[in-house]
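Just so you know, the protein sequences line up as chains Y and X, in that order.
All residue numbers for the first sequence refer to our numbering, where the first residue is 110 and numbers rise by one.
All residue numbers for the second sequence refer to our numbering, where the first residue is 110 and numbers rise by one.
Number of protein chains: 2
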Amino acid sequence: MTLGNLMSKEHYEALSTYELHNDVPLSPLSFLRRTADVYPDRVAVIYGERRYTWRALTQRVRRLAGALEASGVGRGDTVSVIAANTPELLEAHYGVPLLGAVLNAINIRLEAETIAYILSHSDCRVLLVDSEFLPLVEQALEHVENRPVMVEIEDSGATSGIPASGRYPVYENWLNSADEKQDRDLPESEYDAITLNYTSGTSGRPKGVVYHHRGAYLMALGTVAAWQLPRHPRYLYTVPMFHCNGWCHVWAMTIMAGTFICHRKITADSVFAALREHRITHFGAAPIVLAMLAHEAEGEDLGLEHTVQALTAGAPPPSRVLERVQALGLNVTHVYGLTESFGHVVWCDWQAQWDELDPAGQAEIKARQGVRFPVMESVEVLDVNSGRPVPADGETLGEVVLRGNTLMKGYYKDPEATRAAFSGGGFRSGDLAVVHPDGYMEIRDRLKDIIISGGENISSVEVESVLFKHPAVAAAAVVAMPHEKWGEVPCAFVELVSGREATAEDILAFCRERLAGFKCPKKLVFQDLPKTATGKIQKFELRDWVASQTPVSGED
Amino acid sequence: MTLGNLMSKEHYEALSTYELHNDVPLSPLSFLRRTADVYPDRVAVIYGERRYTWRALTQRVRRLAGALEASGVGRGDTVSVIAANTPELLEAHYGVPLLGAVLNAINIRLEAETIAYILSHSDCRVLLVDSEFLPLVEQALEHVENRPVMVEIEDSGATSGIPASGRYPVYENWLNSADEKQDRDLPESEYDAITLNYTSGTSGRPKGVVYHHRGAYLMALGTVAAWQLPRHPRYLYTVPMFHCNGWCHVWAMTIMAGTFICHRKITADSVFAALREHRITHFGAAPIVLAMLAHEAEGEDLGLEHTVQALTAGAPPPSRVLERVQALGLNVTHVYGLTESFGHVVWCDWQAQWDELDPAGQAEIKARQGVRFPVMESVEVLDVNSGRPVPADGETLGEVVLRGNTLMKGYYKDPEATRAAFSGGGFRSGDLAVVHPDGYMEIRDRLKDIIISGGENISSVEVESVLFKHPAVAAAAVVAMPHEKWGEVPCAFVELVSGREATAEDILAFCRERLAGFKCPKKLVFQDLPKTATGKIQKFELRDWVASQTPVSGED
Numbered sequence: 110m111t112l113g114n115l116m117s118k119e120h121y122e123a124l125s126t127y128e129l130h131n132d133v134p135l136s137p138l139s140f141l142r143r144t145a146d147v148y149p150d151r152v153a154v155i156y157g158e159r160r161y162t163w164r165a166l167t168q169r170v171r172r173l174a175g176a177l178e179a180s181g182v183g184r185g186d187t188v189s190v191i192a193a194n195t196p197e198l199l200e201a202h203y204g205v206p207l208l209g210a211v212l213n214a215i216n217i218r219l220e221a222e223t224i225a226y227i228l229s230h231s232d233c234r235v236l237l238v239d240s241e242f243l244p245l246v247e248q249a250l251e252h253v254e255n256r257p258v259m260v261e262i263e264d265s266g267a268t269s270g271i272p273a274s275g276r277y278p279v280y281e282n283w284l285n286s287a288d289e290k291q292d293r294d295l296p297e298s299e300y301d302a303i304t305l306n307y308t309s310g311t312s313g314r315p316k317g318v319v320y321h322h323r324g325a326y327l328m329a330l331g332t333v334a335a336w337q338l339p340r341h342p343r344y345l346y347t348v349p350m351f352h353c354n355g356w357c358h359v360w361a362m363t364i365m366a367g368t369f370i371c372h373r374k375i376t377a378d379s380v381f382a383a384l385r386e387h388r389i390t391h392f393g394a395a396p397i398v399l400a401m402l403a404h405e406a407e408g409e410d411l412g413l414e415h416t417v418q419a420l421t422a423g424a425p426p427p428s429r430v431l432e433r434v435q436a437l438g439l440n441v442t443h444v445y446g447l448t449e450s451f452g453h454v455v456w457c458d459w460q461a462q463w464d465e466l467d468p469a470g471q472a473e474i475k476a477r478q479g480v481r482f483p484v485m486e487s488v489e490v491l492d493v494n495s496g497r498p499v500p501a502d503g504e505t506l507g508e509v510v511l512r513g514n515t516l517m518k519g520y521y522k523d524p525e526a527t528r529a530a531f532s533g534g535g536f537r538s539g540d541l542a543v544v545h546p547d548g549y550m551e552i553r554d555r556l557k558d559i560i561i562s563g564g565e566n567i568s569s570v571e572v573e574s575v576l577f578k579h580p581a582v583a584a585a586a587v588v589a590m591p592h593e594k595w596g597e598v599p600c601a602f603v604e605l606v607s608g609r610e611a612t613a614e615d616i617l618a619f620c621r622e623r624l625a626g627f628k629c630p631k632k633l634v635f636q637d638l639p640k641t642a643t644g645k646i647q648k649f650e651l652r653d654w655v656a657s658q659t660p661v662s663g664e665d
Numbered sequence: 110m111t112l113g114n115l116m117s118k119e120h121y122e123a124l125s126t127y128e129l130h131n132d133v134p135l136s137p138l139s140f141l142r143r144t145a146d147v148y149p150d151r152v153a154v155i156y157g158e159r160r161y162t163w164r165a166l167t168q169r170v171r172r173l174a175g176a177l178e179a180s181g182v183g184r185g186d187t188v189s190v191i192a193a194n195t196p197e198l199l200e201a202h203y204g205v206p207l208l209g210a211v212l213n214a215i216n217i218r219l220e221a222e223t224i225a226y227i228l229s230h231s232d233c234r235v236l237l238v239d240s241e242f243l244p245l246v247e248q249a250l251e252h253v254e255n256r257p258v259m260v261e262i263e264d265s266g267a268t269s270g271i272p273a274s275g276r277y278p279v280y281e282n283w284l285n286s287a288d289e290k291q292d293r294d295l296p297e298s299e300y301d302a303i304t305l306n307y308t309s310g311t312s313g314r315p316k317g318v319v320y321h322h323r324g325a326y327l328m329a330l331g332t333v334a335a336w337q338l339p340r341h342p343r344y345l346y347t348v349p350m351f352h353c354n355g356w357c358h359v360w361a362m363t364i365m366a367g368t369f370i371c372h373r374k375i376t377a378d379s380v381f382a383a384l385r386e387h388r389i390t391h392f393g394a395a396p397i398v399l400a401m402l403a404h405e406a407e408g409e410d411l412g413l414e415h416t417v418q419a420l421t422a423g424a425p426p427p428s429r430v431l432e433r434v435q436a437l438g439l440n441v442t443h444v445y446g447l448t449e450s451f452g453h454v455v456w457c458d459w460q461a462q463w464d465e466l467d468p469a470g471q472a473e474i475k476a477r478q479g480v481r482f483p484v485m486e487s488v489e490v491l492d493v494n495s496g497r498p499v500p501a502d503g504e505t506l507g508e509v510v511l512r513g514n515t516l517m518k519g520y521y522k523d524p525e526a527t528r529a530a531f532s533g534g535g536f537r538s539g540d541l542a543v544v545h546p547d548g549y550m551e552i553r554d555r556l557k558d559i560i561i562s563g564g565e566n567i568s569s570v571e572v573e574s575v576l577f578k579h580p581a582v583a584a585a586a587v588v589a590m591p592h593e594k595w596g597e598v599p600c601a602f603v604e605l606v607s608g609r610e611a612t613a614e615d616i617l618a619f620c621r622e623r624l625a626g627f628k629c630p631k632k633l634v635f636q637d638l639p640k641t642a643t644g645k646i647q648k649f650e651l652r653d654w655v656a657s658q659t660p661v662s663g664e665d
């Protein structure tokens, strides 16, 4: 036993090199450091044949920070990434913030023009691009005045099969030639920006949503509680990391020293193989991915020995899909959130008494978005006029308004939009919901998609759902059209199923049989519906077209 | 579907009654509100025949706040409680902070004089006392100048059998006659004090450790992650709530909508009965409680159908005890912390490869305190002179220094002691530990119990452990004694086993056979050892006695 000279045991000055003590900025960087310290030899990342440990991940992250620093990146600078869900994008979730810089993960499905807008608007300093998306990015760069430093991610590990262009430094070499950044890694303030996520809005230019370290930290801890995460989850990264930073799961799984299984492209086969081979315990998926799994697995038994926990957000999962994937061994939880709320802040927390419901009854429950996340302060459904909570009657619509620490700092360089978003003292989601008697909420529509006709409210979703039932209708969108007497009336835009025929009058008659008269479209236009790169219908374009028309003035 | 008039859908002013939006003070009060909203009908508290739901708990908590307010308690005032682990003390953990006031749960094992000191020093405004402890408290109150408002907790639910004195309002009536406090319940700042916990120090007056809402919130979330808490844990409250607020488990279990099973007195039979009857999933216990369980259960099979998770802190659990309680179906995790750190901030996180060790090997691992808690920023073992981390060799001693958000704000009304405690830029625990090659730390001694003799360090614990091996020794304490040549030498104080005899020379000879000469006591005194109300040996009294003696000047 050695202890050095303890004569100075009453003197504490020797320890005064530490700046921090009982008030440390909340940051997910702390989770990485802890997990790398405690579980250095556990596998952190698997991607095809590549796999590396938490120690190795941390070294790579510190090299990435070193390489970025050598490229001139400093505190508050933006580093953009355009990549699939490969390890490099995951590494950037730590390597960029380690430097005090801000990660901007860009949606790979956007068109060049929007990418150019984001690169300019975000003041991007360094851009990491996967070879697969390089042609798109080079097209975008033609419209970017201040060109970022470019680094190309060559997919050495797996499936793209696309060689590096040779025109830019290759990520792996660039990283390996850098020194590990060894400094203390916490931000100066927990309110410092950590990421910048552009909304793929359905109207106008995308807005840059700024996340802070504090929110990311709390989101991750809240996810552990809400999802009851065990130690060492095996997490399949199907949710794109450019969506709310992959629902912030990169940070949550780190707390529990999990393993990330990365994928370039999601197919039913690749998901099934991962579930079996990597014994996946948790993943998140858009409803369309669940539907794909349900469809492809028709009649198959995956032979899973454990229940896989799956989160889904977006449209409520249809009961047919739910029943099928549950039969495969997946337990699906429906959640709700927005880019502005760091992702899922409303969860359909399961109640023990629902175990007794039949599958259809359970599916009905699971279609609800649910209750607030453990670290969300309040999720209320408020009457848009009075600002008061709507009654919990499962019928009265109100706007979902959020308060809590996992809400964005604001929209980058857009104080006016920020002020408007928080104008009610909470974040106005723009989503309309009802509250069921048990307090669980269910989203029904977008606020701006409500049509007010003679003082009555018409849900465009309700009208669209009737149009969808017509056998000749492939897609439909309903927007408000100015009307001299009624204020607004519904106007429908319809795409027909290829090879089918129907007249506007056929379809309107179909509606009149199923809807109150005031809810029926007063005009119907056949045309291809304008969509965003991510497949959302751009109603604003339809509204613009409507606005350019002469107002309807008829009586009906 | 009704929605009111949506004509004003572009106007957000109607919602402006909300003050808070994307930056809300972190407070465990938010967990209570959420769980009561989501799981109102689940049982929150069980005590004997009493049981009530989260809805009822919340109503009682709001009434408690109302009653306290009516008694003149406001923001920042101290409310003290002297009670066993009964529901009233649990309620106070929410009812007092709801008012912005500060809860001071006082150790029921303290003597009247110390209780008087705490009531005076804490500026106690209202004192809730269980009838069992009323005689003690009335004795204490004779020494308190500003007498608090008194409320008596009559144990209606269970086991004390002691009727209320009739001299004070009875808690249950006092509570029920109050209005529920309905205001917004968050503190003005997350750094506001939530509780005040007096250390049962082994020297001098107890110090008042101030916790803030932020630390309590993070401690609770960290516990969910570290203990992998599932939804609806069934938690047996064996850890006294006057110790670090019951290890902050009152707040952690609330996040997961658990059930608290309260107990007035812990016996092996009552614990075994609770484990079976209430299907307890989690509890915390001092090593002495585990030892009691191991002893009482000798050879018995509890017939538990599930593994019970048990935390223990204090002395490392002996392997015999560990093996026995594991055989009963308990999985024990060893943790370490102090009042100043909100309790357990070092956990012996289990590593998968240890599953393969034999029971003795596992017990050896479990004797370690381990690694830092998920929300603790750093736990370092630092050389006391250089302030540098000691090598991870399992041998070199250093002081455990903590940094992070779950550290006290400071000692109440004692800035000097606060400054000293944080003087190294981290909290100096005063505990000496080694770090094993895998990074897991193991506490070896108290810093102030180290004796420095001729530049060599002597661990008093090491010398005591040799004394304990002598068959006639019942208890022993070793402290430093001034020595003209060596600076300090060990002085031993010994209690003999009743009915046994041994001379000082017998025992010193026994030591010399087992210890290097410089570590052997140079003086041995037979006497009853002075102990605190909680059973800790008060070495400061022994040191005072030694200081009053003439320094030893001999050569050996």
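C-beta atoms are modelled at their ideal positions from N, C-alpha and C, and glycine is treated no differently.
Since this is a predicted model, take the numbers as computed values, not measurements.
Would you tell me roughly how many angstroms separate the C-alpha atoms of residue i and residue j, rounded to the nearest one?
i      : j      : result
Y:D288 : Y:V133 : 26 angstroms
X:N194 : X:S569 : 35 angstroms
X:Q435 : X:R160 : 30 angstroms
Y:K118 : X:V493 : Any reading at Y:K118 must be qualified, since the residue scores a pLDDT of 27, below 50, and its modelled position is unreliable; the value itself is stated next. Computed Cα separation, rounded: 7 angstroms.
X:M590 : X:P630 : 9 angstroms
Y:S229 : Y:E251 : 11 angstroms
Who are the near neighbours of residue i in its chain, counting only those whose CB is closer than 8 angstroms to its CB and skipping five residues on each side?
i      : result
X:A201 : L173, V188, V190, L212, A214 and L237
Y:T416 : G438, L439 and N440
X:V258 : S180, G181, R234, V235 and L236
Within its chain, find whatever has a CB closer than 6 angstroms to the CB of residue i; leave out the 5 residues flanking it on each side and keep chain order.
i      : result
X:G563 : W595
Y:R171 : E289 and K290
Y:V279 : E261, E263 and A273
Y:I474 : W463
X:M116 : The pLDDT assigned to X:M116 is 24, lower than 50, so where the model puts this residue is not dependable; a value taken from the coordinates is nonetheless given after this. There are no such residues.
With which residues is residue i paired in a DSSP beta bridge?
i      : result
X:F242 : X:F242 pairs with nothing; no bridge assigned.
Y:D288 : None, per the DSSP bridge assignment.
X:Q418 : X:H391 and X:N440
Y:V570 : Beta-bridge pairing links Y:V570 to no other residue.
Y:S607 : According to DSSP, Y:S607 bridges with nothing at all.
X:N213 : X:S189
X:H60  : Residue 60 of chain X cannot be examined here, being either before or after the span of chain X that is shown, 110 to 665.
For residue i, is the classification buried or exposed, using 16 other Cβ atoms within 10 angstroms of its Cβ as the cut-off for buried?
i      : result
Y:S231 : buried
X:R481 : buried
X:H321 : buried
X:P599 : buried
Y:H579 : buried
Spatial neighbours of residue i within its chain, please: C-beta separation below 7 angstroms, excluding the five flanking residues on both sides.
i      : result
Y:R623 : V575
Y:P396 : T421, G423, A424 and P426
Touch test, the region 532-552 of chain X against the region 348-360 of chain X, Cβ-Cβ under 8 angstroms, three pairs minimum: Too few Cβ pairs lie closer than 8 angstroms, so no.
Touching by the beta-carbon criterion (3+ pairs, under 8 angstroms), the region 524-540 of chain Y and the region 320-334 of chain Y: no
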